[in-house]
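Undergrad: Here it is, the structure, as structure tokens.
What follows is the structure, encoded as structure tokens:
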């Protein structure tokens, strides 16, 4: 199981980049739920590629409410984990449209 998680995290950036380019639909919803569960199982494993997750989350126009809540918990959990100062430094890397979508939709 540890080996599988390691592999899953090694392809997270690719997975998120692919998902951000898919229109909102059931397949995208299902894939994101899997990514969220994976992150929940090992939050530290996503740190290196978290910007890709943020970008993919911001690509959603209208996620279902429970999925949006999953995104909210992960984003706020990460922000809490790294602290306000480190989050600000991290978010400074974001392109302005990404930063704005995350603030408006998730308050981070």
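In the numbering used here, the protein residues as written are 29 to 136. Beta carbons: idealized from backbone N, C-alpha and C, even for Gly.
Taking the alpha-carbon positions, what's the residue 61 to residue 71 distance?
TA: Distance between the alpha carbons of residue 61 and residue 71 is about 14 Å.
Undergrad: Does the stretch 85-97 touch the stretch 108-120, meaning 3 or more C-beta pairs lie closer than 8 Å?
TA: Not touching, per the Cβ criterion.
Undergrad: Pick out whichever of 64, 50 and 120 has its Cα sitting closest to the Cα of residue 17.
TA: Only positions 29 to 136 of the chain appear in this structure, which leaves residue 17 out of reach.
Undergrad: Whose C-alpha, out of 52, 131, 127 and 129, is nearest the C-alpha of residue 90?
TA: Among 52, 131, 127 and 129, the Cα nearest to that of residue 90 belongs to 52.
Undergrad: Buried or exposed, going by whether 16 or more other CB atoms sit within 10 Å of the CB of residue 87?
TA: With 16 or more other Cβ atoms within 10 Å, it is buried.
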